[in-house]
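For reference, the structure discussed in these notes is given below.
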Amino acid sequence: MTEAMTENMISKDQLKALLAKAKQNLPVEEPDVDAVEYDWTRPHHFSTRHHRRLKEFTDELDIELAEQFMSVYSDEVTVTIPGIEEHFATKLQNIQNNTRGCHYLTFGEEGGAPIGMVILPKRSAVHWAAKILKDAIPENVDEAELSQLEMSLLTDHVKKIISVLSNCFTRHNLPALKSGHELTFEEWPLENITDFEEMSVLEFAVADGEEQTSASFAMLSRSFDSMFDISSEQKNLTAKQIQDLIVGHLNNIPLEMECQLGTASAAVADLMTVEEGDVLVLDQTVDAPVELKIDGSVFYHGKLGQSMNRYAVTITDIVKKPANSIIQTG
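With the sequence shown counted from 1, adding 616 to any position gets you the numbering used here.
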């Protein structure tokens, strides 16, 4: 069974025409790439080496963020950034749409479009505003409404948080950042960013002795490129490795196969009187071949059988190969 399926999988030869141009321009070196375990559903903008460098960046950032909070709270504060998560913009937007109740303040390079934002959940916003004003934390945070004064003070505080991020940027050969004008609520603010842009999320937790709150920086992953000179090293894959990645990905795409045994018709009155033990006769004889369909198209004919105490189908005739159909429709 495995050998038969392998024969129907897309081959490297079938992709040569698609990769002809890539072969002319890509370098000769062939770093190790695991085509089977490569996850195509999430971005891979940073390598392991890049993540080590980013850890140094976040270690500096959480210390300076803590200093900013302590200057406002007049209390001991610790800030921790567990790491950086990569998402496509569309996934990040869906997450925000599903959670709702967040404030946003955008940031970007001077004179340019926004490249990121601070994401501030409502619970954190209410807590921060109360701490800034030295007020008691409201008992029902979820229903609390921020006053105009609280929103103004909170906006200034978030702008200073963006300034802390900007200072870290410039120390690591990244461009300085400028914050937007005011906090927005619930509406996704990065309309200039396309769905499949790669975005990095740095969530930071703020512990002030009373409660732990959190917020996040979300920004384009390419904002960090000049820290690593990614443009000169990306992507160091040969044509063969790109081919292997594509083949490995396509060969592991699951396809649902449907087997229809037959149909039956009965009057409504008859169906209303069906009882346990009654037999419903289908329009297909037991020795007639059945059809195996993928996405509504017939690919195989077969005969019913059983295997490991389950219904099974023995393939008797290959109508068309799935690999050929995938290439033609792709």
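Here a beta-carbon is modelled for each residue, glycine too, at the ideal position from N, C-alpha and C.
Residue burial classification, residue i (beta-carbon count within 10 angstroms, cutoff 16)
i: E891; result: exposed
i: M815; result: buried
i: V693; result: buried
i: A885; result: exposed
i: I679; result: exposed
i: H703; result: buried
i: K738; result: buried
i: P997; result: The chain is shown only over 617 to 946; residue 997 falls outside these bounds and no answer can be derived.
i: T829; result: buried
i: S690; result: exposed
i: H773; result: buried
i: S687; result: exposed
i: V742; result: buried
i: T674; result: buried
Run of the alpha helix (DSSP H) containing residue i, from where it starts to where it stops
i: L765; result: 764-787
i: H666; result: 664-689
Beta-ladder partner(s) of residue i, from DSSP
i: V884; result: Looking at the DSSP assignment, V884 forms no beta bridge with any residue, so it has no partner.
i: Y916; result: L908, I934
i: S816; result: E702, M835
i: Q922; result: Y927
i: A823; result: T694, Q828
i: K794; result: G724
Residue i: CB within 7 Å of a non-hydrogen atom of the ligand FMN
i: E892; result: In the structure on display, the ligand FMN does not appear, and there are no ligands present to speak of.
Same chain, Cβ closer than 6 Å to residue i, five either side skipped, listed in chain order
i: L769; result: I748
i: F723; result: G732, I778, L793, S795
i: G717; result: K738
i: A746; result: I753
i: L799; result: H719, L721, T771
i: A705; result: I809, D811, E813, M815
Residue span of the beta strand (DSSP E) that contains residue i, given as start and end
i: L834; result: The sequence given here places Ala at residue 834; Leu does not occur at that position. It spans 828-836 - the beta strand (DSSP E) in which A834 sits, taken as one unbroken run.
i: S842; result: That residue, S842, is in no beta strand (DSSP E); its alpha helix (DSSP H) goes 841-844.
i: V695; result: 694-696
i: T722; result: 718-724
i: I731; result: 730-737
i: Q876; result: 873-876
Same chain, Cβ closer than 8 Å to residue i, five either side skipped, listed in chain order
i: L898; result: L877, G878, T879, A880
i: F685; result: V693, V695, V822, D824
i: E676; result: C784, R787
7 Å Cβ shell around residue i - same chain, five flanking residues per side excluded
i: A682; result: V693, T694, V695
i: S782; result: A792, L793
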